[in-house]
Amino acid sequence: MFEMSVPWWEFIVRGVVVYGFLVVLLRLTGKRQIGQLSAFDLVLLLIISNAVQNSMNAGDNSLIGGLISAASLVAINYALGVLTFKSEKLEAIVEGRPQILIHHGEVFQDVMLDAKLTQQELDSTLRQLGYFNIKDVKLAILENNGKVTVQGFDKKAQK
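Residues in the sequence shown are numbered from 37 upward in steps of one, following our numbering.
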């Protein structure tokens with residue numbers, strides 16, 4: 037239970053590498069993945085967590101090894117949060133920047149393509165916010181978290 041099969045520092049290195057890999061992987065898949073998880077996305081995340089488990093613990097099932105892995109993940113997450121708070125450049129790389137989807141009723145297809153956002157998904161989001169015609173949208177912004185903020189010509193901003 038308390039005897040580890042690999043050195044303690046290896047858990048930390050493995051945790052940092054896996055965390056970094058997953059942050060890059062999820063960042064490359066687009067904002068939509070973060071803010072609008074479908075059932076398939078949730079299943080994928082659960083499977084990914086199981087898939088990377090052995091790469092993090094090197095087959096070690098000890099209590100201490102699990103605690104070290106958990107502590108290293110929390111520490112790297114905290115450190116990344118502090119670093120992105122202090123550096124706007126790093127924040128833009130890790131979290132991205134909000135992007136304009138619609139301006140004065142015109143949809144920016146290049147932004148939708150980059151965000152892997154389909155027209156049906158955009159239309160659904162707009163309808164949920166009370167906009168049934170794109171021409172009624174003064175401004176729609178795809179936020180860092182994948183949500184869309186919309187302002188109509190006669191309404192205040194909504195989320």
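Every residue, glycine too, gets a C-beta built ideally from N, C-alpha and C.
Separation of Leu82 from Ile100, as counted between CA atoms | 23 Å
Separation of Thr65 from Arg50, as counted between CA atoms | Using only the alpha carbons, I get a separation of about 23 Å.
Taking Phe178 as the reference, which of Pro134, Val42, Gln89 and Gly102 has the closest Cα?
-> According to the sequence displayed, residue 178 carries Leu and not Phe. The shortest Cα separation from Leu178 among Pro134, Val42, Gln89 and Gly102 belongs to Pro134.
Please determine, among Asp146, Gly188 and Leu126, the residue with the shortest C-alpha to C-alpha distance to Leu162.
-> Gly188
Bridge-paired residues (DSSP) for Ile177 = Ile136 and Thr185
Is the beta carbon of Glu46 less than 8 Å from the beta carbon of Ala94?
-> yes
Check whether the Cβ atoms of Tyr55 and Leu109 sit closer than 8 Å, and answer yes or no.
-> yes
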